[in-house]
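Novice: Handing you a structure now.
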Amino acid sequence: MTVLDMYFDFRCRFSEVTQKADQAHLKLWGDLDPEYAHSWFESVAKAINIEMNKGASSAHYVDVFKYFETQYKCGIDEVKDCIDVSFTENLFWQVSAVNAQGYWQVLPELLKTLYIDFHANLSIYNS
345 MTVLDMYFDF RCRFSEVTQK ADQAHLKLWG DLDPEYAHSW FESVAKAINI
395 EMNKGASSAH YVDVFKYFET QYKCGIDEVK DCIDVSFTEN LFWQVSAVNA
445 QGYWQVLPEL LKTLYIDFHA NLSIYNS
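For the sequence shown, counting from 1, position 13 maps to 357 in my numbering; every step adds exactly one.
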């Protein structure tokens, strides 16, 4: 599966999340173009962050997180990079610890590791 395949597959599987991601994406980029799927997966993270800040239940996103975990485990490097950089690195951006807590609890260990590794590496630039 390529990133483009994952884009279309995700949209079919998760229509409610797709609508929210589309709204976030259109607000920022003004256009939906599958050729920019990497940016769209960043919008998925942003849409979930908005839901976290609203206090929405993390239960709605368990299957989404599991989907990304599965795609990462089975995916080619392009897919892994997209999940790591576009989705995981942007998850929890500008979300309070209180609002993020339930989501962190249901986030698969693999995605937690990607998130922690990225943010731990950022600290070397802040020294």
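We put the beta carbon where it would ideally sit given N, CA and C, even for glycine.
1) Grab me the residues of F431's own chain with a C-beta within less than 8 Å of its C-beta, minus the 5 sequence neighbours each way, in chain order.
2) According to the Cβ coordinates, are V423 and M345 closer than 8 Å?
3) Going by beta-carbon coordinates alone, are N434 and M396 separated by less than 8 Å?
4) Give the DSSP-derived three-state secondary structure of Y469 in the structure shown.
5) Do A400 and V361 come within 8 Å of each other at the CB atom, strictly closer than that value?
6) Counting C-beta neighbours from all protein chains within 10 Å, is the total for S359 16 or more, i.e. buried, or is it exposed?
7) Where does L455 fall in DSSP's three states?
8) Grab the span of the alpha helix (DSSP H) containing G374 for me, first residue to last.
Specialist: Reading it off the structure:
1) On the sequence shown, residue 431 is found 87 positions in, with the first residue counted as 1. Excluding residues within five positions, the ones whose Cβ falls inside 8 Å are F385, E386, V388, A389, F412.
2) Locating residue 423 in the sequence shown gives position 79, counting from the first residue. Locating residue 345 in the sequence shown gives position 1, counting from the first residue. Yes, they are a contact pair.
3) Position 90 of the sequence shown, counted from the first residue, corresponds to residue 434. Position 52 of the sequence shown, counted from the first residue, corresponds to residue 396. No, they are not a contact pair.
4) As a first step, residue 469 must be located in the sequence shown, where it is residue number 125. Note on Y469: pLDDT 42, under 50, position unreliable in the model; no value is reported.
5) What you label residue 361 is simply residue 17 of the sequence shown in a count that begins at 1. What you label residue 400 is simply residue 56 of the sequence shown in a count that begins at 1. Their beta carbons are not under 8 Å apart, which means V361 does not touch A400 by this criterion.
6) Along the sequence shown, read from residue 1 onward, the residue named residue 359 stands at position 15. So S359 counts as exposed.
7) Reading the sequence shown from its first residue, position 111 is the one you call residue 455. L455 falls in the helix class under three-state DSSP.
8) Here the question's residue 374 lines up with position 30 in the sequence shown. From DSSP, G374 is part of no alpha helix (DSSP H); its letter is neither H nor E.
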